[in-house]
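Data block below; observations after.
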Amino acid sequence: GRQRRSEARNAARATRRPREAADEPMESQKKKRYDRQLRMWGEHGQMALEKCKLCLLNGSATGTEALKNLVLPGIGAFTVVDGSVVTERDLGNNFFLEPSHLGQPRAQCVTELLQELNEHSRGSFINEEPAALIASRPAFLDGFTHVIATQMPEGPARALARACAERRLPVIFLRSYGLCGVVRVCAAEATVVEAHGDNAPSDLRVCAPFPELVAYVEERFKSLEALSPVERKHVPYVVLLLRALARYRQAHSGALPASYKDKQEVKGILAGMAEEWFGTAGALDAINFDEARAAINTSLAVPSVPAATRGVLEEAKARVARAGTKAPGNGDPPITDFWVLAAAVERFVANEGGGALPLLGALPDMTSDTESYVKLAAAYQLRAALDTAAVHAHAAAIAASLGLPEGAVSADQARLFCKNAHALRWMRFRSLEEELTPATAKVSQIASLLEDGSEAPAAALYLLLRAADAF
Numbered sequence: 123g124r125q126r127r128s129e130a131r132n133a134a135r136a137t138r139r140p141r142e143a144a145d146e147p148m149e150s151q152k153k154k155r156y157d158r159q160l161r162m163w164g165e166h167g168q169m170a171l172e173k174c175k176l177c178l179l180n181g182s183a184t185g186t187e188a189l190k191n192l193v194l195p196g197i198g199a200f201t202v203v204d205g206s207v208v209t210e211r212d213l214g215n216n217f218f219l220e221p222s223h224l225g226q227p228r229a230q231c232v233t234e235l236l237q238e239l240n241e242h243s244r245g246s247f248i249n250e251e252p253a254a255l256i257a258s259r260p261a262f263l264d265g266f267t268h269v270i271a272t273q274m275p276e277g278p279a280r281a282l283a284r285a286c287a288e289r290r291l292p293v294i295f296l297r298s299y300g301l302c303g304v305v306r307v308c309a310a311e312a313t314v315v316e317a318h319g320d321n322a323p324s325d326l327r328v329c330a331p332f333p334e335l336v337a338y339v340e341e342r343f344k345s346l347e348a349l350s351p352v353e354r355k356h357v358p359y360v361v362l363l364l365r366a367l368a369r370y371r372q373a374h375s376g377a378l379p380a381s382y383k384d385k386q387e388v389k390g391i392l393a394g395m396a397e398e399w400f401g402t403a404g405a406l407d408a409i410n411f412d413e414a415r416a417a418i419n420t421s422l423a424v425p426s427v428p429a430a431t432r433g434v435l436e437e438a439k440a441r442v443a444r445a446g447t448k449a450p451g452n453g454d455p456p457i458t459d460f461w462v463l464a465a466a467v468e469r470f471v472a473n474e475g476g477g478a479l480p481l482l483g484a485l486p487d488m489t490s491d492t493e494s495y496v497k498l499a500a501a502y503q504l505r506a507a508l509d510t511a512a513v514h515a516h517a518a519a520i521a522a523s524l525g526l527p528e529g530a531v532s533a534d535q536a537r538l539f540c541k542n543a544h545a546l547r548w549m550r551f552r553s554l555e556e557e558l559t560p561a562t563a564k565v566s567q568i569a570s571l572l573e574d575g576s577e578a579p580a581a582a583l584y585l586l587l588r589a590a591d592a593f
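To convert, note that position 8 of the sequence shown is 130 in this note's numbering; the numbers rise steadily by one, no gaps.
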C-alpha cells in the first residue's frame, strides 16, 4: 500500500529533468527539458500547450492522473477546484497523496504535489465544491481555455456543459470505475491543422509538372542520351518518371495512366529505357530506375484534394460568405484564423492551383549527384513558396473583407497551413444535453451496436456506466 504509492509517486517525479542552470536561456532550457515531446508534436503543439489555462473539477485519482500527464510536458497554468478533504479512500487510489495529508483540503494537496513536477507550470486551487461553484458563480470559467471534469454526476455535468457552451469553452468529462472508464468531449467543434500522420503524401507533381520543374529538367536533362553511363545512373528518378510518362502519353494520345495495367506499362517503359542505356546486365544495378519503378503507384496520380480536406474547404467558403453578409443568428462560431486560411486555400485551389492544393515542396531522398538533387529540391521549394504566397494573399483579402485587422493572418501561419493542407480535419460534437435527453438520444444506434459482435462490448459498457451514474 503505502510503499507502492511512494514508489509510484517517486517514479512520476523521476520523469522530471534536473533544474536547469540559472544562467541558461529559458528557451534553451525548455528545448532540453521537452526534447522528446517536441519531436512528437512540434514547437507549435508545445506553444499551444503552454498557452493553455486548464480548470480541473474534482481532484480525484482520475483527475490527478490526467493533470499529471499535462503538467509534466509543460501546460501553462492549471487550477484545481475541489471542496473535499483527503480521506482514507483517497490514500488507497491516489498515489500522490500520503497519510500526512489526511483531513487537509484535497485541492490544495493535489495542486502542491503536481506543482513539484514542473516549475514552469503555474498551479492554483479553489477549495469549493465544483457543483456549487458552477451553480452560484459560473463566470469563474471565463479565465480558462479548457475544462476537465472528473467523476461528476449527471445533474452538475449538464449545468457545466451548458455554462461552457455559452462561453464556447471545451470541456472533457472523465469517469472511471476500476479499470473501465469513459471520456466525453463537449465542444461545438474542433479543427486540426497538424495531424502528425505517419507518412506525408507524395507530392512530386509528375502528372502535372509545374513551370519551375519543367524549366529545370529542360535545362539540366534535355538530352539524357548524351550523358555518360555514370551520369545516367545518377539521374533523379523524378526525371526518369517524367521521361517515361512522356513516352506513355505519346503512345496513348496524351492520356495519363489511370489503371493498374496502365502503370505496369509505364514500368515496362522504364525497364526498356534502362536496357537501352545500360544493356541487360547493366540495368540490374541501376538503382535510380529501381526507385522510379517503386514510386510509380504513389507518384503517377493526378493531384487532387482529399475528401476530408475538401469538406473543410467547402465549409470555410460557406462560413466566409455568411460572415460577409453579417446575417444575425446564423449559429456559426466566430471566424478564426483556421477558417480564413481554409477559405484562402479554397480560392487557391479554384484559381492558381487548378484543382490542386499548394505544393508541399518536400523532395524525398533519391539516387542523384549532389548538384542535380540540390537544384531539383530548389525548384520544388520555390514553387511551394509561390503557392504559399498566393494563399497568404487570398487570406489577407478575406480578412480585410471581414473587417479583421491588418496582419491578422501571418505568413508563417499560411506556411504551416499549406504544409498540412492535405490533412485538415474538422470535427463536430453532439451536446451532452442531446445525448442524455431521451427524445434526442440515439437509442436505435445504441440498440444496433449492442447486436454488433465487434461493438457490443463497448456499447454495453457505455450503458452500464450510465446506469452506475444513475444509481
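Note that the Cβ used here is the ideal one computed from N, Cα and C, for glycine as well. Everything numeric in this text was worked out from a predicted model, so none of it was measured.
Grab me the residues of residue i's own chain with a C-beta within less than 7 angstroms of its C-beta, minus the 5 sequence neighbours each way, in chain order.
i, result
"F247", "T201, V202, A229, Q230, T233"
"S182", "T272, Q273"
"L392", "L362, A366, F411, A414, R415"
"L571", "E577, A578, A581"
"S523", "G446"
"R369", "I391"
"T562", "E556"
Could you pull out every residue in the same chain whose Cβ sits closer than 8 angstroms to the Cβ of residue i, ignoring the five residues on either side in sequence?
i, result
"P480", "V467, F470, A506, D509, T510, A512, V513, C540, A543"
"Y156", "Q168, P195, G196"
"I568", "A581, Y584, L585"
"C308", "A283, C286, A287, P292, V293, I294, F295, F551, S553, L554"
"P379", "L367, Y370, K385, E387, V388, L422"
"H356", "N410, T489, S490, D491, S494"
When burial is assigned at 16 or more other CB atoms within 10 Å of the CB, is residue i buried or exposed?
i, result
"R259", "exposed"
"D320", "exposed"
"M488", "buried"
"A445", "buried"
"V388", "buried"
"K154", "exposed"
"A144", "Caution is warranted here: a pLDDT of 49 is assigned to A144, below 50, making its placement in the model unreliable, and the coordinate value is therefore given only provisionally. The residue is exposed, with fewer than 16 neighbouring Cβ atoms inside 10 Å."
"H223", "buried"
"D204", "buried"
"E437", "buried"
"A348", "exposed"
"K190", "buried"
"L179", "buried"
Can you name the start and end residues of the beta strand (DSSP E) that residue i belongs to?
i, result
"T201", "199 to 203"
Can you give me the Cβ contacts of residue i inside the same chain, cut-off strictly under 6 angstroms, excluding the 5 residues immediately before and after it?
i, result
"V314", "R547"
"A312", "M549"
"Q237", "G245"
"G451", "Its pLDDT being 49, under 50, G451 is placed unreliably in this model, and the value from its coordinates should be taken loosely. None."
"N215", "A183"
Along the alpha helix (DSSP H) that carries residue i, what are the first and last residues, could you check?
i, result
"A373", "359 to 373"
"S589", "The sequence given here places Ala at residue 589; Ser does not occur at that position. It spans 578 to 592 - the alpha helix (DSSP H) in which A589 sits, taken as one unbroken run."
"F460", "459 to 472"
"E316", "Looking at the DSSP string, E316 is not in any alpha helix (DSSP H), and its letter there is neither H nor E."
"V336", "333 to 342"
"V565", "565 to 573"
"E557", "554 to 558"
"P351", "351 to 354"
Self-check item: Those runs of the beta strand (DSSP E) which lie wholly inside the segment 475 to 551 and span at least 3 residues
Solution: Runs found: 547 to 550.
Practice problem: Report the residue ranges of all beta strand (DSSP E) runs contained in full by the segment 379 to 437; include only those spanning at least 3 residues, in chain order. | Solution: The segment 379 to 437 contains no whole beta strand (DSSP E) run of 3 or more residues.
Quiz prompt | Residue ranges of each beta strand (DSSP E) within the segment 236 to 312, 3 or longer | solution = DSSP runs (the beta strand (DSSP E)) wholly in the segment 236 to 312: 244 to 248, 268 to 272, 293 to 299, 302 to 308.
Quiz item: Which residue spans inside the segment 154 to 241 form an unbroken beta strand (DSSP E) run of at least 3?
Solution: Those beta strand (DSSP E) runs which fall completely within the segment 154 to 241 and span 3+ residues are 175 to 179, 199 to 203.
Self-check item: contact_flag[the segment 325 to 344, the segment 488 to 502] where n(CB pairs < 8 angstroms) is 3 or more
Solution: Counting Cβ pairs under 8 angstroms, three or more are found: they touch.
Quiz prompt | the segment 336 to 347 touching the segment 292 to 300, judged by at least three CB pairs closer than 8 angstroms | solution = The segment 336 to 347, when compared against the segment 292 to 300, does not touch it at the 8 angstroms Cβ threshold.
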